[in-house]
Amino acid sequence: MSNETIDAANDVLRAKGYDERDLAAFPTPMGPDRAILKGARILSPFSDDAATVLRVATELVPPAAELKGTLRPADLRAKL
Numbered sequence: 231m232s233n234e235t236i237d238a239a240n241d242v243l244r245a246k247g248y249d250e251r252d253l254a255a256f257p258t259p260m261g262p263d264r265a266i267l268k269g270a271r272i273l274s275p276f277s278d279d280a281a282t283v284l285r286v287a288t289e290l291v292p293p294a295a296e297l298k299g300t301l302r303p304a305d306l307r308a309k310l
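For the sequence shown, the numbering used here gives the first residue as 231, with consecutive numbering after it.
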């Protein structure tokens, strides 16, 4: 399920205008249900379970054209 969730998060991010180098979700070695959101448009990687990364991508990450500056993981986590 994790890979499907990560793929869904990446589909959402692409639809919002992000290239993989700018912002994308990736699997992590910390477990099969974990994912990491990383790229040039986020200050440091955001790591959580894959469902939470999908939720962040869907609900909290603005479209690329509207993003001013870089995303901060602490700000994203505070909005969860």
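Note that beta-carbon positions come from the ideal geometry of N, C-alpha and C, so glycine has one too.
Tell me which residues share the same chain as Asp279 and place their Cβ nearer than 8 Å to its Cβ, disregarding the 5 neighbours each side in the sequence. By one-based count along the sequence shown, residue 279 stands at place 49. The beta carbon of Asp279 is closer than 8 Å to those of Asp263, Arg264 and Ala265 in its chain, skipping five residues each way along the sequence.
Could you tell me which whole alpha helix (DSSP H) segments of length 4 or greater appear in the segment 272-308? Within the segment 272-308, the complete alpha helix (DSSP H) runs of at least 4 residues fall at 280-285.
Got a sec? Which residues, its chain only, sit under 7 Å from Val286 by beta carbon, not counting five neighbours each side? Counted from its first residue, the sequence shown places residue 286 at position 56. Apart from sequence neighbours up to five positions away, the residues of its chain that approach Val286 with a beta-carbon distance below 7 Å are Leu267, Phe276 and Leu306, ordered along the chain.
Mapping the DSSP letters down to three states, classify Arg244 as helix, strand or coil. If you number the sequence shown from 1, residue 244 lands on position 14. Per DSSP, reduced to three states, the secondary structure at Arg244 is helical.
Closest residue to Thr258 among Val291, Val283, Ala308 and Ala245 (Cα-Cα distance): Here residue 258 is taken as the residue at index 28 of the sequence shown, counted from 1. Nearest of Val291, Val283, Ala308 and Ala245 to Thr258, Cα basis: Val283.
Go ahead and pull the three-state DSSP assignment for Ala270. Within the sequence shown, residue 270 is the residue found at index 40, counting from 1. Shown here, Ala270 sits in coil according to DSSP, grouped into three states, outside any helix or strand.
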